[in-house]
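**Student:** Residues 1 to 173 in the UniProt record's numbering are what the sequence shown lists, from first letter to last.
Cβ atoms here follow ideal geometry from the backbone N, Cα and C, with glycine treated the same way.
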Amino acid sequence: MQTPRPIGFWLKLVDRMIDEQFASTLEEHGVTRRQWQLLNILARENATVQQLDTAVAPFLSAPLPFETAPSDTAPSDTAPSDTLDAASGDSETSADDPAETSASHLAELVESDWVRITGSVYELTERGRIALERLSGVVDAQRTLATEGVTPDQYEQTVAVLERVARNLGWND
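Written out as structure tokens, the structure reads:
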């Protein structure tokens with residue numbers, strides 16, 4: 001009889017697979033995962049680099065402490081279709097780059113006229129909104145595929161259990 005694999009195995013496997021599949025899906029459309037997160041944040045409200053850094057802190061190569069990231073600026077909402085891609089960071093940049101900020105990820109979006117900067121504030125352009133809407137359909141299809149066979153209740157319960165484990169290990173939001 002085979003021994004069941006421990007939770008750490010499944011967490012790391014799912015984390016890696018989410019990263020790889022979302023990165024591949026977005027890359028096909030010329031957007032990085034970090035850019036996707038930033039576009040979603042800017043779709044809700046304009047923000048400075050510092051605010052964007054705080055919102056995506058867990059995903060930057062040198063994240064800010066969890067305590068500094070306000071829960072109302074998380075990269076996505078809490079609905080299953082909105083959180084699957086925020087489950088983990090990716091490896092777009094070197095872990096040796098302690099100064100990574102959102103600015104480097106925004107530069108290409110500004111150049112593409114998806115985002116504009118006024119003073120120190122970034123905002124989504126109309127072109128960016130159209131692109132984000134198109135990309136959202138592609139990402140939603142990926143999320144649906146990833147959670148096929150999982151009921152909304154099972155998804156919510158899984159997220160709640162993982163949050164409890166994180167809190168038990170000392171995480172605070």
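Quick check on this structure: which residue in Val138, Val56, Thr48 and Gln51 has the alpha carbon closest to the alpha carbon of Gln35?
**Tutor:** Translated into positions along the sequence shown, residue 35 becomes position 35. Checked all of Val138, Val56, Thr48 and Gln51; the closest Cα to Gln35 is Val56.
**Student:** Is Leu124 helix, strand or coil by DSSP?
**Tutor:** Looking up residue 124 in the sequence shown gives position 124. Looking at Leu124 - three-state DSSP - the assignment turns out to be strand.
**Student:** Quick check on residue 174: buried or exposed, where buried means 16 or more other Cβ atoms within 10 Å of its Cβ?
**Tutor:** Any question about residue 174 goes unanswered here, given that the chain covers just 1 to 173.
**Student:** I'd like the list of long-range same chain contacts for Leu60, defined as Cβ closer than 6 Å, with 5 residues on each side in sequence excluded.
**Tutor:** Taking the first residue of the sequence shown as position 1, residue 60 is located at position 60. Counting only Cβ-Cβ distances below 6 Å, and skipping sequence neighbours, we find Glu100.
**Student:** Going by DSSP, what residue range makes up the alpha helix (DSSP H) through Val115?
**Tutor:** On the sequence shown, position 115 is the one that residue 115 refers to. Where Val115 is concerned, there is no enclosing alpha helix (DSSP H), although the beta strand (DSSP E) it sits in stretches over Val115 to Thr118.
**Student:** On the CB-based measure, 16 or more other CB atoms within 10 Å of its CB, does Asp113 come out buried or exposed?
**Tutor:** Residue mapping note: residue 113 aligns to position 113 of the sequence shown, counting from 1. It counts as exposed.
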